[in-house]
Amino acid sequence: PAFALGRAQEILLILSEGMERGELPPMTVYVDGLAKEVSKIYESLLNRRFFNYYLQPAPSRRGLSFEESCRQNLREADCILSTSGMLMEGTPSFVYGKLISGGAQNAIIFSGYMVEESFGYRLLKDRKLLSSFKCRIEKHHFSAHSDSFEMEFLLEKLSPKRVAFIHGYPPKGKESSHAFNREVVRF
């Protein structure tokens with residue numbers, strides 16, 4: 125499971141570079157769910173190829189139910205990268221997870237944050253639920269956030285005219301004392 129925006133593309137690059145350098149064996153990776161659509165948009169906007177011989181958008185299969193389509197994808201691909209990253213019920217990653225959960229040769233590898241209400245969170249925390257899965261369950265930490273030094277370095281390097289910080293707010297009453305407010309013009 126992976127988040128569609130940013131995380132899925134980061135994992136695609138890691139897999140692609142790992143295969144190119146021989147650090148990973150060649151494998152067929154299908155990208156499904158919203159991650160497939162977002163990756164196509166990334167390709168068109170950045171003029172950067174994410175998909176290649178090994179990394180491919182999961183095929184659209186007319187005439188099959190979604191679960192049957194997922195079963196077929198699992199027969200063809202060695203790895204499926206799909207949304208939602210939290211393994212939320214009703215999402216493609218949840219369907220794939222359910223289909224591979226019975227095989228000891230399979231693995232579900234989480235790559236990001238999970239809210240307590242998500243199935244992925246419960247799977248990692250609930251020993252009884254976890255023991256019902258025969259596949260390996262792993263969590264790898266990929267940080268989606270930069271610390272203040274990383275942001276400052278990036279701002280100095282890029283020298284943008286405008287900057288918008290999204291995701292999070294300083295504590296109430298401390299807005300004007302935030303370090304970036306002294307250096308970056310707000311709009």
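Position one of the sequence shown corresponds to residue 125 (the working numbering), numbered consecutively onward. Even glycine gets a Cβ: it sits at the ideal position worked out from N, Cα and C. Keep in mind it's a predicted model, so treat the numbers as computed, not measured.
Euclidean distance between Cα positions of residue i and residue j
| i | j | result |
| --- | --- | --- |
| Ser225 | Glu241 | 20 Å |
| Met143 | Pro150 | 6 Å |
| Phe257 | Leu248 | 11 Å |
| Glu280 | Cys259 | 46 Å |
| Arg186 | Glu192 | 11 Å |
| Tyr245 | Leu139 | 25 Å |
| Leu282 | Ser267 | 21 Å |
Nearest-angstrom beta carbon gap, residue j and residue i [assumed within contact, 8 Å]
| i | j | result |
| --- | --- | --- |
| Arg131 | Ser235 | 6 Å |
| Cys194 | Leu148 | At roughly 23 Å, the Cβ-Cβ gap does not stay under 8 Å, so Cys194 and Leu148 are not in contact. |
Residue environment, residue i, which counts as buried when at least 16 other CB atoms sit within 10 Å
| i | result |
| --- | --- |
| Ala201 | buried |
| Ser208 | buried |
Under 8 Å between C-beta atoms of residue i and residue j
| i | j | result |
| --- | --- | --- |
| Met160 | Ala126 | As written in the sequence, residue 160 is Lys, which differs from the Met given in the question. For Lys160 and Ala126, no; Cβs fall outside 8 Å. |
| Ser206 | Gly157 | yes |
| Cys203 | Val162 | no |
| Glu213 | Phe243 | yes |
| Gly221 | Leu211 | yes |
| His265 | Ile233 | no |
Terminal residues of the beta strand (DSSP E) in which residue i lies
| i | result |
| --- | --- |
| Glu262 | 260-263 |
| Ala231 | 231-234 |
| Pro181 | 179-181 |
| Tyr245 | Unbroken run through Tyr245 is the alpha helix (DSSP H), 243-249; no beta strand (DSSP E). |
| Ser208 | Per DSSP, Ser208 belongs to no beta strand (DSSP E) and is neither H nor E. |
| Tyr154 | 153-156 |
Range covered by the alpha helix (DSSP H) that runs through residue i
| i | result |
| --- | --- |
| Glu141 | 131-144 |
| Glu274 | 272-282 |
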